[in-house]
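S.K.:
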Amino acid sequence: MAIIDQSVRWFRKLFSKSQAKDVFWLLDYLLILGGTYHRPRGVWRITIWYLYQLLSVFQCCLQILIVVSNLNSLQDQTSTIWSAISLLAMTLCYVKQLLLWRYRESINNLRTFITGSRFCSGNPSYDEALRSKFSRVSQQMVVAILALILLDEVFIAAPSSLRTRWFGIPQWFYSYGYGTALAIELAFYPFFALIWVSKLFCGSATVAIVLLGLRTELQILTQYYGRLTRNLQSLQVLFEKIFFLIYYQSIIAAGAISYVIIRDEFSLCSVAVLTCMSISVLECYWWCHLVDTFQDVNETISRHLLNQCCQLPYSDDHHVDYVKMRTSLLIIAGRSRQSVGFSCCGIFKISTAMFANLLNICYSVLMFLVNVGDGVKPVAQLQAWIGSN
Numbered sequence: 013m014a015i016i017d018q019s020v021r022w023f024r025k026l027f028s029k030s031q032a033k034d035v036f037w038l039l040d041y042l043l044i045l046g047g048t049y050h051r052p053r054g055v056w057r058i059t060i061w062y063l064y065q066l067l068s069v070f071q072c073c074l075q076i077l078i079v080v081s082n083l084n085s086l087q088d089q090t091s092t093i094w095s096a097i098s099l100l101a102m103t104l105c106y107v108k109q110l111l112l113w114r115y116r117e118s119i120n121n122l123r124t125f126i127t128g129s130r131f132c133s134g135n136p137s138y139d140e141a142l143r144s145k146f147s148r149v150s151q152q153m154v155v156a157i158l159a160l161i162l163l164d165e166v167f168i169a170a171p172s173s174l175r176t177r178w179f180g181i182p183q184w185f186y187s188y189g190y191g192t193a194l195a196i197e198l199a200f201y202p203f204f205a206l207i208w209v210s211k212l213f214c215g216s217a218t219v220a221i222v223l224l225g226l227r228t229e230l231q232i233l234t235q236y237y238g239r240l241t242r243n244l245q246s247l248q249v250l251f252e253k254i255f256f257l258i259y260y261q262s263i264i265a266a267g268a269i270s271y272v273i274i275r276d277e278f279s280l281c282s283v284a285v286l287t288c289m290s291i292s293v294l295e296c297y298w299w300c301h302l303v304d305t306f307q308d309v310n311e312t313i314s315r316h317l318l319n320q321c322c323q324l325p326y327s328d329d330h331h332v333d334y335v336k337m338r339t340s341l342l343i344i345a346g347r348s349r350q351s352v353g354f355s356c357c358g359i360f361k362i363s364t365a366m367f368a369n370l371l372n373i374c375y376s377v378l379m380f381l382v383n384v385g386d387g388v389k390p391v392a393q394l395q396a397w398i399g400s401n
């Protein structure tokens with residue numbers, strides 16, 4: 013118990029010191045694990061960095077070979093579905109990584125804005141409480157992702173038949189020799205969760221933490237509302253594109269992985285996959301909830317402006333000024349309510365209500381796969397599913 017208490021105190025001291033320096037320090041480590049833009053210094057760091065990048069490319073190419081091999085043999089339906097979903101997730105990881113690289117300057121500007129802007133609402137204790145909460149929540153988010161990576165690494169490393177089927181290599185690799193096949197396999201599944209789970213969530217964590225920081229500054233000082241919303245608009249395109257990927261990834265992955273889980277035997281490997289899938293679906297809900305909280309802040313600002321409008325004193329001598337002021341406040345209140353509006357690439361407006369729609373579609377995908385697996389004609393089943401949705 014003494015060792016545990018000392019470890020807890022050490023981590024708290026480490027977190028408190030790091031919070032004073034940079035609130036994004038843990039996120040930077042997650043971005044490094046995800047292979048996102050990073051400039052290492054020193055020969056050894058540069059060498060390790062490029063070897064890490066080559067390992068991720070090697071695993072992606074190997075996954076393509078696994079999918080092709082499974083499609084050619086079609087001996088194991090669930091393994092084929094899992095390999096295809098894994099390849100899709102890898103592709104989406106690289107798309108997210110490309111988006112982060114494309115908008116890296118905007119993200120860096122926003123990070124500088126959050127850490128450098130020390131506005132005051134007039135109540136220093138209130139400001140400090142909000143900023144401490146933002147720092148704590150952002151670091152807890154990254155710690156949760158790192159814990160998920162560690163948990164998946166442990167579960168996948170546990171020997172099981174499912175690990176061989178889901179994370180094994182095609183049998184024809186053994187024709188090149190057992191040593192070669194073993195080396196390829198050891199370069200694949202031991203690092204699978206470390207590389208791809210970090211790639212899967214580093215982009216989402218980056219955007220979510222930046223949005224949390226912007227929301228904190230928005231709550232502290234509403235008179236800087238215009239400046240903050242301009243920064244939000246610069247992030248809006250990236251947010252909508254990544255949410256588009258997350259939303260439709262969750263629709264396909266949740267239904268397909270649920271089908272794979274219920275069709276195969278349950279083991280620790282299943283728990284690892286199911287946990288990662290659940291976090292991915294909850295990630296979509298978190299994004300929807302985050303957008304709703306932004307809308308709540310805008311409604312609060314608009315409500316304060318409307319209250320000021322109702323409390324304006326009226327005088328016959330200043331009737332024209334009264335009308336102008338009242339009209340200006342009404343226009344500003346209306347604009348503030350609609351100033352931050354996120355959509356899924358123009359398809360629909362993001363809200364928590366759309367998460368319920370996502371669950372319904374995931375269930376429909378699961379039922380479609382179940383019916384197809386039970387022998388129902390795929391074309392007829394697909395037509396019926398499209399008609400019902």
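For the sequence shown, the positions run 13 to 401 when this note's numbering is used. Ideal Cβ placement from N, Cα and C applies to all residues, glycine included.
When burial is assigned at 16 or more other CB atoms within 10 Å of the CB, is Gly54 buried or exposed?
M.R.: Counting Cβ neighbours within 10 Å, Gly54 comes out exposed, since fewer than 16 surround it.
S.K.: Please report the straight-line C-alpha distance between Ser292 and Gly180, rounded to a whole angstrom.
M.R.: If I take the Cα positions, the gap works out to 23 Å.
S.K.: Less than 8 Å between the CB atoms is what I'm expecting for Phe200 and Gln71, so what's the real figure, rounded?
M.R.: Yes, Phe200 and Gln71 are in contact; Cβ-Cβ is about 6 Å, under 8 Å.
S.K.: Of the residues Gly46, Leu63, Ile273 and Asn121, which one's Cα is nearest the Cα of Arg242?
M.R.: Selected option, being the one with the closest Cα: Asn121.
S.K.: Rounded to whole angstroms, what is the Cα-Cα separation between Val377 and Met102?
M.R.: Rounded to the nearest angstrom, the two C-alpha atoms are 21 Å apart.
S.K.: When the distance is taken between beta carbons, is Thr364 closer than 7 Å to Cys300?
M.R.: Yes; because the gap between Cβ atoms is below 7 Å, this pair is in contact.
S.K.: Hey, Leu111 and Leu250 are a contact pair by Cβ (cut 8 Å); roughly how many whole angstroms apart?
M.R.: Rounded, the Cβ-Cβ distance is 6 Å, consistent with contact.
S.K.: Do Met289 and Ala268 have their beta-carbon atoms positioned less than 7 Å apart in this structure?
M.R.: Result no, Cβ atoms of Ala268 and Met289 do not sit closer than 7 Å.
S.K.: Using the rule of at least 16 other Cβ atoms within 10 Å of the residue's Cβ for burial, across every protein chain shown, is Ala368 buried or exposed?
M.R.: With fewer than 16 Cβ atoms within 10 Å of its Cβ, Ala368 is classed as exposed.
S.K.: Cβ of Leu112 less than 7 Å from any chain B Cβ?
M.R.: Here chain B cannot be found, since the structure has a single protein chain.
S.K.: Three-state secondary structure (DSSP) at Ser172?
M.R.: The answer is coil: DSSP assigns Ser172 none of H, G, I, E or B.
S.K.: Is it right to say Tyr189 is buried, meaning 16 or more other beta carbons lie within 10 angstroms of its own, or is it exposed?
M.R.: The sequence shown places Gly at residue 189, rather than the Tyr named in the question. Classification for Gly189: exposed.
S.K.: At the level of alpha carbons, what is the spacing between Val154 and Thr192?
M.R.: About 36 Å.
S.K.: Which same chain residues end up closer than 6 Å to Tyr115 when comparing Cβ atoms and leaving out the 5 residues on each side of it in sequence?
M.R.: Cβ within range, chain order: Leu250.
S.K.: Tell me which residue opens and which closes the alpha helix (DSSP H) that Phe70 is part of.
M.R.: Counting along the chain, the alpha helix (DSSP H) containing Phe70 begins and ends at Val55 to Ser85.
S.K.: With a Cβ-Cβ cutoff of 7 Å, do Gly215 and Phe146 count as a contact?
M.R.: Result no, Cβ atoms of Gly215 and Phe146 do not sit closer than 7 Å.
S.K.: For Ile157, does the count of other Cβ atoms within 10 angstroms reach 16, so buried, or fall short, so exposed?
M.R.: Counting Cβ neighbours within 10 Å, Ile157 comes out buried, since at least 16 surround it.
S.K.: Confirm, please, whether the CB-CB distance from Ser282 to Ile273 is below 7 Å.
M.R.: Yes, the Cβ-Cβ distance between Ile273 and Ser282 is below 7 Å.
S.K.: With DSSP collapsed to three states, give me the class of Ser246.
M.R.: Residue state, collapsed to three classes: helix.
S.K.: According to DSSP, simplified to helix, strand and coil, what is Ser355?
M.R.: Three-state result, Ser355: strand.
S.K.: Whose C-alpha, out of Ser144, Ile362 and Ala96, is nearest the C-alpha of Ile232?
M.R.: For Ile232, the nearest C-alpha among the options comes from Ser144.
S.K.: Would the beta-carbon of Ser150 fall within 7 Å of that of Ile221?
M.R.: Taking 7 Å as the Cβ cut-off, Ser150 and Ile221 qualify as a contacting pair.
S.K.: I need the straight-line Cα distance from Ile362 to Leu223, nearest angstrom please.
M.R.: Distance between the alpha carbons of Ile362 and Leu223: 15 Å.
S.K.: Of the choices Lys253, Ser246, His316 and Val209, whose alpha-carbon is the least far from that of Gly46?
M.R.: Considering only alpha carbons, the answer is Val209.
S.K.: Let me confirm a value: Tyr271 is counted as buried when at least 16 other C-beta atoms fall within 10 Å, else exposed. Which label applies?
M.R.: Under this definition Tyr271 is a buried residue.
S.K.: For Leu142 and Cys73, what's the separation of their Cα atoms in angstroms?
M.R.: Taking the straight line joining both Cα atoms gives about 45 Å.
S.K.: Throw me the rounded Cβ distance for the Phe185 and Ile168 pair, which I believe falls under 8 Å.
M.R.: Not quite, the Cβ-Cβ distance comes to about 19 Å (not below 8 Å), so this is no contact.
S.K.: Which first and last residues belong to the alpha helix (DSSP H) in which Tyr297 is found?
M.R.: That run of the alpha helix (DSSP H) goes Leu280 to Cys322.
S.K.: Determine the direct distance from the alpha carbon of Ile263 to that of Val69, and round the result to whole angstroms.
M.R.: Going from the Cα of Val69 to the Cα of Ile263 covers about 26 Å.
S.K.: So, Ala345 versus Leu317, is the Cβ gap smaller than 7 Å?
M.R.: Their beta carbons are under 7 Å apart, which means Ala345 touches Leu317 by this criterion.
S.K.: What do you reckon, are the CB atoms on Phe256 and Cys356 nearer than 7 Å?
M.R.: A contact, by the Cβ cut-off of 7 Å.
S.K.: Here's the rule I'm using: 16 or more other beta-carbon atoms within 10 Å means buried, otherwise exposed. How should Arg123 be labelled?
M.R.: The residue is buried, with at least 16 neighbouring Cβ atoms inside 10 Å.
S.K.: What distance in whole Å lies between the Cβ atoms of Leu206 and Ile258, which are believed to be in contact at a cut-off of 8 Å?
M.R.: Contact flag wrong, Cβ pair sits at about 21 Å.
S.K.: From what residue to what residue does the alpha helix (DSSP H) around Thr90 run?
M.R.: Gln89 to Arg114 is the extent of the alpha helix (DSSP H) around Thr90.
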